[in-house]
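Protein chains in written order, with the numbering used here: chain A, 335 to 650; chain B, 474 to 773.
Built from N, CA and C at the ideal position, the CB exists for glycine as well.
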C-alpha cells in the first residue's frame, strides 16, 4: 500500500506485476519452508524402509551388497534357534507386560482417584521411572536382582539365611525380571492416562447411577470403566509398541542372558548387523519388527478412523 | 465428619459403616504405600549408595541404612574411573550427551513449530497426506534405519561423531515435534490468521507475531519430550559412536559390562545417577508439562 503511494509515478501495470510476483513467492513460502523437513522425513520413513527391505533380500554379510537372493535371509532367520527364542520371548513378555501394566496402572489410578491426600506426590512417585532411561533402570534393577548385595542379601540379613533369589542367573526366571522391570517403568504411564480418563467421565452419569442405588464397585464396573474403554485400548497399543521395541532394557538388565535366554528381536537385529556380520539376516529381522508393529498399529489406526467417522456421522 | 461420628455413637449400623469407611481408606493408602516403596527403592539405592563407602556396602548390602558417608565415589565416577581403556571418568560422556541433546532438541523443536504452523495454517493440496506420512516416523523402529544411517553418516564424514548423532536425532525427532505442534496450532482460531493477512502480514510475520507468542505451552512440552528422549536414547549412541565419542547411556553400559568381579557399587551408583540427573531434574521441575507431553504423545 505504502509502496504504491510513494511510487505514484511508476506505471500501475508494473506495480501489479511486481505484487503478483510477491503473491507467487508468498504462496510458495509455506511449501518451500516445509520442504527440507518433508524430504528428510520421506527419506527416513520410506527410503530407509525400502533400503533395509532391499538389503534383507540380498546376500549381504559383513558389508552391504546389492545382489538379490530372494527370501533366503528370511528362511535363514526363521530356521534360527536364537530368533525362535527371541520372538517367543517377545510374545511372552508382551502378554504379561501389557496385561499387568494395565492392571496395576488402573489400580493405582482408581486408588488415587479416591480423593487421597497428597495426590501430586503419589503421582510424582509413580511417574518418575518414565523420565529415567532404560539403561539406568536396567542397571539398578540388575544389582537388586543379583545375589551379591541385592534383594537376596537383604532378605538374608533379615534372618532368612537360606533365602535364594537370583532370577537373572536362571534361564527360566530371567525373563520375569524383564517383565517386572518393564511394568515398574510403564505402569505410572498407564496410571496417568487412566486418571485423566477417570476425571473426564461425565459426573451426571455417575450421579444417575448413585441415585439408582449402585455401590462404588458397581459404578466402576458398569459406568466408569466402559466409558474409558477407548483409553484402555490406546494404552495397550502404546505398550505393545514399547514391547516390540524393547532393546536397551534387556541390554542393561540381563545382556540377553543367561546364555541367550532373554534375547529379544531388537537385540538380535543389533547382534546380526553389528556383531556377527550378517547384515541381510539382520535386515530381515528388522523388517519382521516393522511387520509386527504394523500388525498392532494398522488395525488400531483403521478402528480410530472408523470410530471418528461414525461419531461425526452421528452428529451430522 | 462431625455428624458421622455423632451418628456412629448412637447407631450401631452407622458405626459399622464408619468403620468400613476407615478400613477402606486405610486399604487405599496401604495399596499406594506398598507400590510407592517398590517404585522408590531403585532411586533410594542409587542415591544412598553413591554416598557410601564400598566396604560398608559389601558388608550391609545395597538395601540398607547408609552407615558411612563419602564423596569419593562421585569424584571417581566423574573424573577418574576407567571406561573402555580411558581413565577420565564419565564426564566426557556427560558432555557428549549435552552437546548432542541441546542442539538436537532446539533444532527439532524449531523445525517442528514451523512445520506445524504450515500444516495447520497454510494448508495446500496434499498437505494432509504429507502430515500423515511425517507422523509415520513416530512408529518406526530404530532398527530399520540403522544400516541406511550408517551408510549416510559414513558417506558425509560424520560417522563416530556427535554431529552425526545430532543429525540422526533431528530427523527422527521431526515426526514427534511436527505432530505435537500441528495438533496444538489447529486449535488457534483461523480468523486470527485471516485478520492478520488482511492487515498485510505475511507468512513469517504471522509466525513471529501471532503463532510464537501463543506457543510456549506446546514448546515446553516438546522441548521436555525431546530432551529426555534424546538424552536417554541408547541404540543410536552405541551403533554410531564408539569410545570417547559415546553419549552417557552407551558409556554406562560399557562401565557395567567392563567389571566382572567385585562390582564397584559406589562408583557405579554415582555414575548412573549422573546419567539420570538431567532428565530427573526436568521431570521434577517441569512435571506438569512432562505429563501433558506423555498423554498427547500417547493418544494422538
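Going by other Cβ atoms of all chains shown within 10 Å of its Cβ, with 16 needed for buried, is residue i buried or exposed?
i: residue 671 of chain B; result: exposed
i: residue 401 of chain A; result: exposed
i: residue 682 of chain B; result: exposed
i: residue 611 of chain A; result: exposed
i: residue 617 of chain B; result: buried
i: residue 544 of chain A; result: exposed
i: residue 609 of chain A; result: exposed
i: residue 522 of chain A; result: buried
i: residue 522 of chain B; result: buried
i: residue 749 of chain B; result: buried
i: residue 728 of chain B; result: buried
i: residue 635 of chain B; result: buried
i: residue 826 of chain B; result: There is simply no residue 826 of chain B to check, as chain B begins at 474 and stops at 773 in what is shown.
i: residue 734 of chain B; result: Because the pLDDT of residue 734 of chain B is 49, which lies under 50, any placement of that residue in the model is unreliable, and the question is left without a value.
i: residue 761 of chain B; result: exposed
i: residue 571 of chain A; result: buried
i: residue 721 of chain B; result: buried
i: residue 372 of chain A; result: buried
i: residue 511 of chain B; result: exposed
i: residue 654 of chain B; result: buried
Could you give the C-beta distance for residue i and residue j, rounded to a whole number, given that I count them as a contact under 8 Å?
i: residue 374 of chain A; j: residue 644 of chain B; result: 5 Å
i: residue 593 of chain B; j: residue 659 of chain B; result: 5 Å
i: residue 509 of chain A; j: residue 596 of chain A; result: 5 Å
i: residue 424 of chain A; j: residue 568 of chain A; result: No, residue 424 of chain A and residue 568 of chain A are not in contact; Cβ-Cβ is about 21 Å, not under 8 Å.
i: residue 586 of chain A; j: residue 472 of chain A; result: 3 Å
i: residue 725 of chain B; j: residue 744 of chain B; result: 6 Å
i: residue 703 of chain B; j: residue 578 of chain B; result: 6 Å
i: residue 713 of chain B; j: residue 632 of chain B; result: 7 Å
i: residue 753 of chain B; j: residue 429 of chain A; result: Not quite, the Cβ-Cβ distance comes to about 31 Å (not below 8 Å), so this is no contact.
For residue i, list the residues DSSP reports as bridge partners.
i: residue 402 of chain A; result: A:392
i: residue 458 of chain A; result: Partner(s): none; residue 458 of chain A has no beta bridge.
Using a Cβ-Cβ distance cut-off of 8 Å, determine whether residue i contacts chain B.
i: residue 441 of chain A; result: yes
i: residue 396 of chain A; result: no
i: residue 365 of chain A; result: yes
i: residue 639 of chain A; result: no
i: residue 407 of chain A; result: no
i: residue 634 of chain A; result: no
i: residue 459 of chain A; result: yes
i: residue 579 of chain A; result: yes
i: residue 468 of chain A; result: yes
i: residue 383 of chain A; result: yes
i: residue 643 of chain A; result: no
i: residue 462 of chain A; result: yes
i: residue 378 of chain A; result: yes
i: residue 603 of chain A; result: yes
i: residue 473 of chain A; result: yes
i: residue 357 of chain A; result: no
i: residue 613 of chain A; result: yes
i: residue 608 of chain A; result: yes
i: residue 386 of chain A; result: yes
i: residue 373 of chain A; result: no
Check the Cβ-Cβ distances between residue i and every residue of chain A, and say whether any is below 8 Å.
i: residue 675 of chain B; result: yes
i: residue 762 of chain B; result: no
i: residue 597 of chain B; result: yes
i: residue 658 of chain B; result: no
i: residue 573 of chain B; result: no
i: residue 618 of chain B; result: yes
i: residue 606 of chain B; result: yes
i: residue 756 of chain B; result: yes
i: residue 553 of chain B; result: no
i: residue 494 of chain B; result: no
i: residue 520 of chain B; result: no
i: residue 720 of chain B; result: no
i: residue 454 of chain B; result: Residue 454 of chain B is absent from the model: chain B starts at 474 and stops at 773.
i: residue 474 of chain B; result: The predicted model places residue 474 of chain B with a pLDDT of 44, which falls under 50 and marks its position as unreliable; any figure quoted below should be read in that light. Not one chain A Cβ lies under 8 Å of residue 474 of chain B.
Below 7 Å, is the gap between the Cβ of residue i and the nearest heavy atom of the ligand SAM?
i: residue 392 of chain A; result: The ligand SAM is absent from the structure shown, which contains no ligands of any kind.
Exercise. Below 8 Å between beta carbons is the criterion; list the residues of the stretch 484-510 of chain A that meet it against any residue of chain B, in chain order.
Key: The stretch 484-510 of chain A vs chain B, Cβ under 8 Å: 484, 485, 487, 488 and 491.
Quiz item: Just by C-beta distance, which residues in the stretch 638-653 of chain B are closer than 9 Å to chain A?
Solution: For the stretch 638-653 of chain B, residues whose beta-carbon sits nearer than 9 Å to a beta-carbon of chain A comprise 643, 644, 645, 647, 648 and 651.
Exercise. Pull out every residue of the stretch 516-535 of chain A whose Cβ sits closer than 9 Å to any Cβ of chain B, in chain order.
Key: The residues in question are 518, 521, 522, 523, 526, 527 and 530.
Quiz prompt | Residues in the stretch 685-713 of chain B having any Cβ partner in chain A nearer than 7 Å | solution = From the stretch 685-713 of chain B, only 701, 705, 707, 708 and 712 have a Cβ closer than 7 Å to chain A.
Quiz item: Of the residues that make up the stretch 505-533 of chain B, which ones have a beta carbon closer than 9 Å to any beta carbon in chain A?
Solution: Under the 9 Å Cβ criterion, the stretch 505-533 of chain B contributes 505, 508, 509, 511, 512, 513, 514, 515, 516, 518, 519, 522, 530, 531 and 533.
Exercise. With 9 Å as the C-beta to C-beta threshold (strictly closer), list the residues of the stretch 574-596 of chain B near chain A in chain order.
Key: For the stretch 574-596 of chain B, which is checked against every Cβ of chain A, the residues closer than 9 Å are 584, 585, 587, 588, 590, 591, 592, 594, 595 and 596.
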